[in-house]
Amino acid sequence: NAGVTQTPKFQVLKTGQSMTLQCAQDMNHEYMSWYRQDPGMGLRLIHYSVGAGITDQGEVPNGYNVSRSTTEDFPLRLLSAAPSQTSVYFCASTRVRTSERDTQYFGPGTRLTVL
Amino acid sequence: KNQVEQSPQSLIILEGKNCTLQCNYTVSPFSNLRWYKQDTGRGPVSLTIMTFSENTKSNGRYTATLDADTKQSSLHITASQLSDSASYICVVSRGSYIPTFGRGTSLIVHP
Chain A
7 NAGVTQTPKF QVLKTGQSMT LQCAQDMNHE YMSWYRQDPG MGLRLIHYSV GAGITDQGEV
67 PNGYNVSRST TEDFPLRLLS AAPSQTSVYF CASTRVRTSE RDTQYFGPGT RLTVL
Chain B
184 KNQVEQSPQS LIILEGKNCT LQCNYTVSPF SNLRWYKQDT GRGPVSLTIM TFSENTKSNG
244 RYTATLDADT KQSSLHITAS QLSDSASYIC VVSRGSYIPT FGRGTSLIVH P
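These protein sequence lines are chains A and B, in that order. Using the working numbering, the final residue of the first sequence is 121, and nothing's skipped along the way. Using the working numbering, the final residue of the second sequence is 294, and nothing's skipped along the way.
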C-alpha cells in the first residue's frame, strides 16, 4: 500500500490564484481530513469527510472547498489564494471515523507559499 | 476552551539518556489521547493511542501514560537514539473525533 499520498510537494501561488491540493489513500478508509500546520501552532482541522459524498467543516474552513466523490480521493481547493494561506497542508485518513482506537495516517504534506 | 499544552517546548539530551515529555489538556468530553512523532519535513506518525480506561501504552522504547482525573499525559522515551530527534505532538479528541493538537515538543538527541 502507498498509504496517503499528496501532490504537489511544493507550490508557489500569487494572491488571487486558485489551485487544488490532491490527496489519495489506498487503504479503503472512510474518514479523511485536511489540516494546516503553521509555525508555533498545532495542526488545525480545515475540512473532513466521513465517506464518499459527505463533507463537513473543521476549525478553519474559510477560503477552502472540498469534495469527496470517491472513497480514495479528497482534494482541497483554494478558491482565491491569500498570503494568510501560506502553510504546510497535511491530508490524513482513518479507517472508521467513530472508532476511538484507529490509527490516523498522515500524508507527507504540501508546502504552499502565497506571494 | 479546548486546549492542549505541551512542555517543555524544546529539549536537548544525549544519546542513550531517557526523557519525559508532558501534555496537559482541557478538552471535554474526552474520547482519546494520541502521541505522534513528526520528523522534519514529514507528516506525523502515530506512536500511541489511549482511551479513557487506559493509563499506560507502550510502543517499543516509547511509553505513554494517561491520568484522566488530572487531565495529564506523559511520553517517556527510553535509551534515546539519534533517530528520536523530532517533534512530538500530543492530540486529544472529543467525542465526535474533533482533534485538538498541541504545539509539540522539539527533541534533539546529541551523540
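Even for Gly, the Cβ is constructed at its ideal location relative to N, Cα and C. Remember, predicted model here, so these are calculated numbers, not experimental data.
| Query | Result |
| --- | --- |
| Identity of the residue in A/P89, A/S90 and A/T77 nearest A/A30 by Cα | A/T77 |
| Beta-carbon neighbours of A/F16, restricted to chain B and to distances below 9 Å | Under the 9 Å cutoff, chain B gives no residues; its nearest Cβ is about 11 Å from A/F16. |
| Nearest-angstrom Cα separation, counted from B/S236 out to A/P89 | 44 Å |
| Cβ of A/P114 within 7 Å of any chain B Cβ | yes |
| Range of the contiguous beta strand (DSSP E) that encloses A/M25 | M25 to Q31 |
| Residues of its chain near B/V249, where Cβ-Cβ distance is below 7 Å and the 5 sequence neighbours each way are ignored | Residue identity differs from the one stated: residue 249 of chain B is Leu in this sequence, not Val. L216, M233, E237, N238 and S256. |
| Straight-line Cα distance separating A/Q91 from A/G69 | 8 Å |
| Residues of its chain near B/I291, where Cβ-Cβ distance is below 8 Å and the 5 sequence neighbours each way are ignored | S193, L194, I195, I196 and S268 |
| Range of the contiguous beta strand (DSSP E) that encloses A/G4 | Residue 4 of chain A is absent from the model: chain A starts at 7 and stops at 121. |
| Short Cβ contact (7 Å threshold) for B/L204 with B/Y245 | no |
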